[in-house]
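Q: Each residue of the sequence shown is one higher than the last, beginning at 637 in the numbering used here.
Take this structure first; my questions come after.
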Amino acid sequence: MTKRLFTTLCGLVFLVNFGRVAFAPLVPEFQRELGLSAAAVGSVTTLVWLGTAAPRIPVGWVLTRVRRERVVLATGVALSAAAALTATADSLYALQIGAFAVGLATGGYFVAAIPLIGALYPERTGRAVGIHGTASQIASVVAPVLVLTVIARLGDWRVVFWALAVGAATSTASLVVVVRRSAGDRPASPEEADRDFRSALSHWRIVLAGMSLVAVAGFAWQGVFNFYVSYLLSEGLTPANANLLLTVAFAAGVPAFWLGGRLADRLPKVPYLLALNAAFLASLVALTYAGSLAAFAVVSALIGYAAHALFPAVDTYMLSTLPAPDRASAYAVFSGAALLFEANGSGVVGALTDAGVGFDRVFRLFAVAVAAVLVLTALLYVLGRFPTPIGSDRTASE
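Printed below as a string of structure tokens:
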């Protein structure tokens, strides 16, 4: 039943991530139909990711009292309802509510599903998280193509969210069947027993360590990919080529998750994450100097790979470093705090570009921030002051 449950989770996460990323390729459509400014539409994409962040800590508390499978089921129902709500939006306010609701559903899913996968595959956590992430990332690749196809053939972006609502409901129903069949086969582990949620806060050093490895780069990535099409259009590319390169950036995430999860199991986790941050930094700077379609294509693949490889790597680091009894709740604190910060990336880009700051300058400012955190984190690691996985020779005391 473990394999069947994992397979079903991979199906549901495809829809979960589709719901998050479907807003980005629809940015120009929202602007045209609803007459929104860059800052306004930036607030919509920001709300998706703020919504993704907002429920994570509260859901972490819920996970101390409710089995993870049941929380995953609840998020599937919530995603279906949120997608239907978004499909009915006819104003900026309604669209913002729908975007935030979709984010809430997806955030709750990841907090419950990632520790559940870690419990299902304790010896191959990176590999399992990577496969799960690959399923999620395929949605990121499909979303721009599917959204543009719907717009071209039907001329109505609302169809995308109606289809998501139906798909989420169907997938959740399938998961109900699998969970019921597996309920008697897998007793609750000690990690799933009732715990005092406050114990998660005792691992604040590990939480901050995980954030230093992903939050600033994630903030920059949010700003880049949500405005990627608009940025490339401003650089003189055609709409078709701009959307194609967004797809390239997302497509690079498929091998990033697949291979990145396996590498996270095999390589020293902190140096690996530092290297990924450095690769993202270099790609971000290179993006601002690319001047041709070919150069943008290469940089799109590189920055997409580096950004997406960070996520299974940092999840594996957190699940390997946090003690088992507090893993789910502490992971929830980490992911909620990190995403609350990251979600503001697109809003900052929208506000700065509305104020007359060019995209290249904004992205270079982001690169400076990533570089500063990278240097500080690397220094702490070299000095032996950075938390490392349990059992590592360099494990720092909490």
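Each residue gets a CB set at the ideal place from its N, CA and C atoms; glycine is no exception.
Report yes if the CB atom of Ala718 is closer than 9 angstroms to the CB atom of Gly655, and no otherwise.
A: yes
Q: Taking contact to mean 3 or more Cβ pairs, one atom from each stretch, closer than 8 angstroms, check whether the stretch 773-787 and the stretch 734-747 are in contact.
A: A contact is defined here as three or more CB-CB pairs under 8 angstroms, and the stretch 773-787 fails this definition with respect to the stretch 734-747.
Q: Are the CB atoms of Ala943 and Ala851 within a distance shorter than 9 angstroms?
A: no
Q: Taking 6 angstroms as the limit between beta carbons, can you name the residues of its chain near Ala675, skipping five residues before and five after?
A: Around Ala675: Gly986, Ala987 and Asp990.
Q: Note the first and the last residue of the continuous alpha helix (DSSP H) segment covering Ser776.
A: Thr761 to Leu790
Q: From which residue to which residue does the alpha helix (DSSP H) around Val998 run?
A: Phe995 to Val1018
Q: What residue from Ala922, Thr638 and Leu1015 has the CA that sits closest to Arg816's CA?
A: Cα-wise, what sits closest to Arg816 is Thr638.
Q: According to DSSP, simplified to helix, strand and coil, what is Ser727?
A: coil
Q: Give me, in chain order, the residues of the same chain whose beta-carbon lies closer than 7 angstroms to that of Val680; leave out the 5 immediate sequence neighbours on both sides.
A: Phe659, Phe666, Leu731, Gln732 and Ala735
Q: What do you get for Ser1033, buried or exposed, if any count of 16 or more other CB atoms within 10 angstroms of its CB means buried?
A: Legend: pLDDT at Ser1033 = 42, less than 50; position of this residue unreliable, no value from coordinates given.
Q: Do the CB positions of Phe995 and Tyr908 come within less than 9 angstroms of each other?
A: no
Q: By DSSP, does Val702 sit in helix, in strand, or in coil?
A: coil
Q: Here's the rule: buried if 16 or more other CB atoms are within 10 angstroms of the residue's CB, otherwise exposed. What is Arg692?
A: buried
Q: Can you give me the start and stop residues for the alpha helix (DSSP H) that His944 sits inside?
A: Leu929 to Thr957
Q: Would you tell me roughly how many angstroms separate the C-alpha atoms of Thr1024 and Asp951, rounded to the nearest one?
A: 13 angstroms
Q: Buried or exposed: Leu641, going by 16 or more other Cβ atoms within 10 Å of its Cβ?
A: buried
Q: Taking the C-alpha atoms as reference points, what is the distance between Trp697 and Val777?
A: 33 angstroms
Q: Measure the alpha-carbon distance for Thr752 versus Gly859 and round it to whole angstroms.
A: The sequence given here has Leu at residue 752, not Thr. Roughly 30 angstroms between the two C-alpha positions.
Q: Taking three-plus beta-carbon pairs below 8 angstroms as touching, is the stretch 913-929 in contact with the stretch 1015-1022?
A: no
Q: From Leu651 to Gly671, what does the alpha carbon distance come to, in whole angstroms?
A: For Leu651 and Gly671, the gap between their C-alpha atoms comes out near 28 angstroms.
Q: When burial is assigned at 16 or more other CB atoms within 10 Å of the CB, is Ser727 buried or exposed?
A: With a threshold of 16 other beta carbon atoms within 10 Å, Ser727 falls short and is exposed.
Q: Quick test of the definition: if touching needs 3 or more C-beta pairs under 8 angstroms, does the stretch 958-972 touch the stretch 698-708?
A: Result yes; three or more Cβ-Cβ pairs closer than 8 angstroms.
Q: Would you call the CB atoms of Thr682 and Asn877 closer than 9 angstroms?
A: no
Q: Could you name the residues of the same chain whose beta carbon sits closer than 6 angstroms to that of Gly687, not counting the 5 residues immediately before and after it, in chain order?
A: Phe736, Gly739 and Leu740
Q: For Phe863 and Thr883, what's the separation of their Cα atoms in angstroms?
A: Computed Cα separation, rounded: 13 angstroms.
Q: Check whether the Cβ atoms of Tyr941 and Ala900 lie closer than 9 angstroms to each other.
A: no
Q: In chain order, what residues of the same chain have a beta carbon less than 6 angstroms from the beta carbon of Gly647, not counting five sequence neighbours either side?
A: Ser807
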